[in-house]
Amino acid sequence: MDGLPGERRAAAEQGVSAPPAKARAGRPSAPATRAPYPFAAIVGQEEMLRALLIAAVDPSVGGVLVLGDRGTGKSTAVRALAALLPPMKAVEGCRFGCDPGDAASLCADCRARGRLRATEVPVPVVDLPLGATEDRVAGALDIERALAEGVKAFEPGLLARAHRGFLYIDEVNLLEDHLVDLLLDVAASGENLVEREGISIRHPARFVLVGSGNPEEGELRPQLLDRFGLCVEVRTPGDVPTRIEVIRRRDAYERDHAAFCEAWEKEQAKLRRRILAARAHLSQVSVPDAALERAATLCLALGTDGLRGELTLIRTARALAALEGRDTVGDAELRAVASPALRHRLRRNPLDETSSSTRVERAVTELFGP
């Protein structure tokens, strides 16, 4: 399904089941939406799954870019994450889903209220279609209210819906330049500023950016590539047992998705508890000076630009340690996350045809030993 455009693929992967045999009197029954494929049931692709879990534990890592062959489960994994994530607390009635416990990041409407009431809502995972207009993404004038009531009201866009959640862009390397510029501005500031049609509004828009794509279909702009904290590579399984297990599970899901999801709910709940435990433990994980020195030495050996590589490497290693229940970042964590944290930050050397992943692995071996 990776060959389909973003919106068509979302409908195809999530699917729609047949309507109930008997509808309510006088009302046509709405089609039931198929539950996403369970995250815990995905076979292989350990680097991708680990990166998504790390982003769920610590959003400050900066997002995940998933590159690889078509049909390797990139979109399936991202959409499966939505059903896995524990719910979050939000201000009741807030159209931006503000965090009631973070007064500094409240929107203007929430600041103007008195006592804020909290409610639990699902963590948003919002799809950004390639063909979306800037108004659809950033928000614009509510035409219906303008015509009916004669008032200028703001209609939030996809960036508002994704606040405190995940913004997913399939085929991100094909995204139009004007949308790339908009995402870069919002990602840098954590706010979305809309000024058009007599409206001037600013609202919080902090989200984990997740993109997927096939490198053969085009490259990302360097500015956008640098905004992704982690870059993971996925490959078509090369061994028969793994391919058989993928086919077996996918076929079971297609034949009876409700029973398949129910069978995996215990594993899903276990992963959910693991994410919650890691979030609670994250602030207690220490990063000794030895780990900082290792990270700086590795980035210096690879020639990464700026210091974003070191910061991402340390944050990712700390989140991994929290996931594994460890109290300290050590060589094991740094080795495990070095490739996804650094492979997309290397300068190209026209005299060296070695892939970026191989260059990182070689530098890791030289620094940490075989």
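Going by my numbering, the first residue of the sequence shown is number 997, and it counts up by one from there.
In this text, a Cβ means the ideal position worked out from N, Cα and C, and glycines have one as well.
This one's a predicted model, so the numbers in the text were calculated from it and none came from an experiment.
If you look at HIS1277, you'll find it in the alpha helix (DSSP H) that goes 1261 to 1277.
Of ALA1156, ASP1247, VAL1281, ALA1359, the smallest CA-CA separation from CYS1090 is found for ALA1156.
A contact is defined here as three or more CB-CB pairs under 8 Å, and the stretch 1302 to 1315 fails this definition with respect to the stretch 1200 to 1208.
Nearest neighbour of ILE1195 by Cα position, chosen from GLU1088, LEU1137, GLN1264, ARG1344, turns out to be LEU1137. If you look at ARG1192, you'll find it in the beta strand (DSSP E) that goes 1187 to 1192. For GLN1219, the number of other beta carbons within 10 angstroms of its own is below 16, and it is reported as exposed. Between the beta-carbon of ILE1197 and that of PHE1150 there is about 5 Å, and that keeps the pair under the 8 Å contact cut. Annotated three-state conformation of GLU1258 is helix, per DSSP.
Put simply, the backbone Cα of VAL1133 is about 10 Å away from that of ALA1158. The DSSP-derived three-state label of ALA1086 is strand.
Taking one beta carbon from each stretch, the stretch 1038 to 1045 and the stretch 1055 to 1071 have 3 or more pairs nearer than 8 Å; the two touch.
In the DSSP assignment, SER1196 is bridged to GLU1191.
According to the DSSP secondary-structure assignment, CYS1227 is paired through a beta bridge with LEU1061. For the pair LEU1179 and GLY1186, the Cα-to-Cα distance works out to about 10 Å.
Per DSSP, the unbroken alpha helix (DSSP H) holding ALA1334 starts and ends at 1327 to 1338. Taking all protein chains in view, the Cβ of SER1351 is surrounded by fewer than 16 other Cβ atoms within 10 Å, so the residue is classified as exposed. ILE1240 sits exposed, since fewer than 16 C-beta atoms from the chains shown fall within 10 Å of its C-beta.
Rounded to whole angstroms, the Cβ separation of SER1208 and SER1071 is 6 Å, and the two are in contact under 8 Å. In the three-state DSSP reduction, GLU1130 falls in the helix class (H, G or I).
Bounds of any beta strand (DSSP E) do not take in LEU1112, whose DSSP letter is neither H nor E.
For SER1282, the secondary structure class from DSSP, reduced to helix, strand or coil, is strand. Per DSSP, the continuous alpha helix (DSSP H) segment holding PRO1237 begins and ends at 1236 to 1251. Exposed is the label assigned to THR1129, since fewer than 16 other Cβ atoms lie within 10 Å of its Cβ. In its chain, beyond the 5 residues on either side, ASP998, LEU1063, GLY1064, ASP1065, ARG1066, GLU1167, ASN1169 have a beta carbon closer than 8 Å to the beta carbon of ASN1210. Pairing LEU1338 with VAL1325 gives a Cβ-Cβ distance that is not under 8 Å. Around the beta carbon of THR1354, fewer than 16 other beta carbons sit within 10 angstroms, so the residue counts as exposed. Per DSSP, reduced to three states, the secondary structure at SER1208 is strand. Counting only the Cα atoms, SER1056 lies some 22 Å from PHE1035. With respect to the 8 Å criterion, ALA1086 and THR1115 are classified as neighbours on the basis of their beta carbons. Annotated three-state conformation of LEU1216 is coil, per DSSP. For VAL1074, the enclosing alpha helix (DSSP H) starts and ends at 1070 to 1080. The three-state secondary structure of ALA1201, taken from DSSP, is coil. Counted as a single uninterrupted DSSP element, the stretch harbouring VAL1121 is not any alpha helix (DSSP H) but the beta strand (DSSP E) occupying residues 1121 to 1123.
Under DSSP, the beta-bridge partners assigned to LEU1163 are VAL1122, LEU1205. Taking the C-beta atoms as reference points, ALA1108 is found no nearer than 8 Å to PRO1032. Setting aside the 5 residues that flank it on each side, ALA1287 is surrounded in the same chain by VAL1325, each with a C-beta closer than 6 Å to its C-beta; the list follows chain order.
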